[in-house]
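Heads up, the sequence shown is in my numbering, so the first residue is 12 and it goes up one at a time.
Cβ atoms here follow ideal geometry from the backbone N, Cα and C, with glycine treated the same way.
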Amino acid sequence: MPPVTKEHLEAALALLAWRGWTLELALADPLRARILRACAAQLRTQEYQRQHRRTVVPVRRYDPKTGRWCTQRVAAGFDESQGLLT
Numbered sequence: 012m013p014p015v016t017k018e019h020l021e022a023a024l025a026l027l028a029w030r031g032w033t034l035e036l037a038l039a040d041p042l043r044a045r046i047l048r049a050c051a052a053q054l055r056t057q058e059y060q061r062q063h064r065r066t067v068v069p070v071r072r073y074d075p076k077t078g079r080w081c082t083q084r085v086a087a088g089f090d091e092s093q094g095l096l097t
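Encoded structure:
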């Protein structure tokens, strides 16, 4: 996971909407600094998860074991020649 950047801290401060508080003042106050860093870490985590989300697509398959059709979620770019359900 990448470290929390100044941009994350500034975005967290904007989300918290503390009137009259600058980034430097908020980081100087121990309680507000902990809250600010926790919010910035959450923003960093959400950004990381958005960038590394696995893309899946539904594919209709015939399952020879049950004799019925089903939907299987496979990674995007799946080659149909790789076979049926396993």
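Fill in: Delimiting residues of the beta strand (DSSP E) encompassing Y33
Note that residue 33 is Thr in the sequence shown here, rather than Tyr. It is not in any beta strand (DSSP E) - T33 carries neither H nor E in the DSSP assignment.
Discussion item. Could you check whether R43 and H19 sit closer than 9 Å to each other, using their CB atoms as the reference points?
Written reply: Contact: no.
Worksheet item: Does the beta-carbon of L26 have 16 or more other beta-carbons within 10 angstroms, so that it is buried, or is it exposed?
Response: By the 10 Å Cβ count, L26 comes out exposed.
Discussion item. Measuring straight from C-alpha to C-alpha, what distance separates E58 and P75?
Written reply: The alpha-carbon atoms of E58 and P75 are separated by roughly 41 Å.
Fill in: 7 Å CB neighbourhood of A37 in its chain, flanking five on each side removed
So the qualifying residues of the chain are L24, W29, R43, A44, L47.
Item to complete: Going by DSSP, name the residue or residues bridged to A86.
Response: Partner(s): V67.
Item to complete: Could you check the C-alpha separation between T33 and W80 for me, to the nearest Å?
Response: Note on geometry: alpha-carbon atoms of T33 and W80 lie some 59 Å from one another.
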